[in-house]
Amino acid sequence: MGIGGGDVTPEGEVLVRSGCSSVGQGLRTVLGQIVAEVLDVDLERVRVELLDTDRTGYGTGSYASRSTATGGSAVYLSAQRVVEKAKEVAARRLQVDAGDLIVKDGGLEVTRTSQLRMSFADVAAALDPVGARNFGMLPGLRAEDYFHVTKLTYPYGAHAAVVSIDPGRVFQRLTS
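The sequence shown begins at 85 in this note's numbering and counts up by one.
Below you can see the structure in the form of structure tokens.
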């Protein structure tokens with residue numbers, strides 16, 4: 085299982101939380117890149133926190149080369165939920181249909197004109213505790229999601245071969 089969450093601050097910073105841990109496989113970078121692509125923001129604006137149970141609730145660590153597949157899927161899903169929540173707010177603020185909004189340059193803009201847009205930072209600011217009540221939502225531009233697979237695959241293995249070499253004849257023979 086992968087757990088992932090994300091917050092966008094009124095300053096435009098993006099915080100990604102994951103229940104996976106890094107064992108040197110570049111997980112922070114990968115998870116940050118996934119969310120940066122979904123939100124169309126610079127990677128430098130994304131901060132990734134890994135396996136901090138005070139912040140993520142729980143996690144399953146990192147094993148069997150699965151962190152990108154499960155944790156990456158979870159943060160992708162949570163980023164998609166952030167976009168959907170932002171679309172609801174931006175559509176009401178811009179007085180357009182949410183279906184007419186696309187993600188571009190760290191925010192949402194109307195497909196037919198780039199003049200009507202709202203950054204994710206502005207959406208987050210609109211969702212302060214008072215503003216969120218006006219939208220009938222919980223405060224903050226944040227989401228959390230889980231990704232669960234029913235079967236695990238293990239993309240690694242060990243192979244061995246026993247080879248004997250006759251130095252006098254320079255002949256190799258595979259013995260097992």
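Glycine is no exception: its CB is placed at the ideal position from the N, C-alpha and C atoms. Values in this document were obtained by computation on a predicted structure and should not be read as measured data.
* To do: Check each candidate in Leu222, Gln164, Glu97 and Ile87 and name the one with the smallest Cα separation from Gly103.
  => The sequence position of residue 103 within the sequence shown is 19, counting from 1. Answer by Cα proximity: Ile87.
Exercise. Quick one, which of Asp229, Ala174 and Arg101 has its alpha-carbon nearest Gly116's?
Worked result: Walking along the sequence shown from the start, residue 116 turns up at place 32. For Gly116, the closest alpha carbon among the candidates Asp229, Ala174 and Arg101 is that of Arg101.
#### Entry: Opening and closing residue of the beta strand (DSSP E) in which Leu99 lies
Counting from 1 along the sequence shown, the entry for residue 99 is found at position 15. Start and end: Val98 to Ser102.
Exercise. What's the gap between the Cα of Asp184 and the Cα of Ala170?
Worked result: Locating residue 184 in the sequence shown gives position 100, where the first residue counts as 1. Locating residue 170 in the sequence shown gives position 86, where the first residue counts as 1. The alpha-carbon atoms of Asp184 and Ala170 are separated by roughly 13 Å.
- List the endpoints of the continuous beta strand (DSSP E) containing Arg226. In the sequence shown, the residue the question calls residue 226 occupies position 142. That run of the beta strand (DSSP E) goes Leu225 to Phe231.
Self-check item: Bounding residues of the alpha helix (DSSP H) (the contiguous stretch that carries Ser248)
Solution: Taking the first residue of the sequence shown as 1, we reach residue 248 at position 164. Note, Ser248: premise wrong, no alpha helix (DSSP H); beta strand (DSSP E) at Val247 to Asp250.
Between the stretch 221 to 234 and the stretch 160 to 169, do three or more beta carbon pairs fall short of 8 Å? Because the criterion of three Cβ pairs below 8 Å is met, the stretch 221 to 234 and the stretch 160 to 169 touch.
Jot down the residue ranges of each uninterrupted beta strand (DSSP E) in the stretch 181 to 227, minimum 3 residues, whole runs only, in chain order.
Qualifying beta strand (DSSP E) stretches, in chain order: 185 to 188, 191 to 194 and 201 to 203.
Report task. Run the CB neighbour count on Ser203, radius 10 Å, all protein chains shown included, and call it buried at 16 or more, exposed below. Result -> For this step, residue 203 is matched to residue 119 along the sequence shown. Under this definition Ser203 is a buried residue.
task: Could you name the residues of the same chain whose beta carbon sits closer than 6 Å to that of Thr152, not counting the 5 residues immediately before and after it, in chain order?
output: Within the sequence shown, the letter at position 68 stands for residue 152. Cβ neighbours of Thr152 beyond the five flanking positions: Val114.
What did DSSP end up calling Gly108 once you bin it into helix, strand or coil? As a working note, residue 108 is residue 24 in the sequence shown. Annotated three-state conformation of Gly108 is coil, per DSSP.
Contact belief for Val173 with Val122 at Cβ below 8 Å, rounded distance in angstroms: The residue given as residue 173 occupies position 89 in the sequence shown. The residue given as residue 122 occupies position 38 in the sequence shown. The Cβ separation is near 17 Å, so there is no contact.
Below 8 Å between beta carbons: does that hold for Val214 and Leu200?
The residue given as residue 214 occupies position 130 in the sequence shown. The residue given as residue 200 occupies position 116 in the sequence shown. Result no, Cβ atoms of Val214 and Leu200 do not sit closer than 8 Å.
Check: To the nearest angstrom, how far is it from the Cα of Leu127 to the Cα of Val98?
Finding: Looking up residue 127 in the sequence shown gives position 43. Looking up residue 98 in the sequence shown gives position 14. Cα to Cα, Leu127 sits roughly 9 Å from Val98.
Determine whether the beta carbon atoms of Gly90 and Val119 lie at a separation below 8 Å. As a working mapping, residue 90 is identified with position 6 in the sequence shown. As a working mapping, residue 119 is identified with position 35 in the sequence shown. Result yes, Cβ atoms of Gly90 and Val119 sit closer than 8 Å.
Exercise for review: Could you round the C-beta distance between Gly224 and Ala208 to whole angstroms and report it? I think they count as a contact, below 8 Å.
Suggested key: Counting from 1 along the sequence shown, the entry for residue 224 is found at position 140. Counting from 1 along the sequence shown, the entry for residue 208 is found at position 124. The C-beta distance from Gly224 to Ala208 rounds to 7 Å, short enough to fall under 8 Å.
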